[in-house]
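Read the structure below first, then the notes.
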Ligand SMILES: [Zn+2]
């Protein structure tokens, strides 16, 4: 067991968002599974809000 990689990249990204609200509905952004991994997405409608910086 040598898992040095942080699994919380999405939490860090979410914390950097100025406005953690969904652009498409009144939901709040959260962390959820998307395409087999965790991503920042809307907890209400499931639209991913993550961007590739
Ligand atoms: Zn939404």
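Residue numbers (the UniProt record's numbering): 1 to 53. Positions of the beta carbon are idealized from the N, C-alpha and C atoms, including for glycine. In this text, all values refer to a predicted model and were calculated from it rather than measured experimentally.
{"Query": "Rounded to whole angstroms, what is the Cα-Cα separation between residue 41 and residue 8?", "Result": "14 angstroms"}
{"Query": "For the alpha helix (DSSP H) holding residue 10, just list the boundary residues, first then last.", "Result": "9-16"}
{"Query": "Span of the beta strand (DSSP E) holding residue 33?", "Result": "29-34"}
{"Query": "Suppose the cutoff is 7 angstroms on Cβ atoms and the five residues either side in sequence are ignored; what does the same chain contact list for residue 10 look like?", "Result": "31, 38, 39, 40"}
{"Query": "Using only the alpha-carbon positions, how far apart do residue 54 and residue 24 sit?", "Result": "The structure shown does not extend to residue 54, since the chain spans only 1 to 53, so no value can be given for it."}
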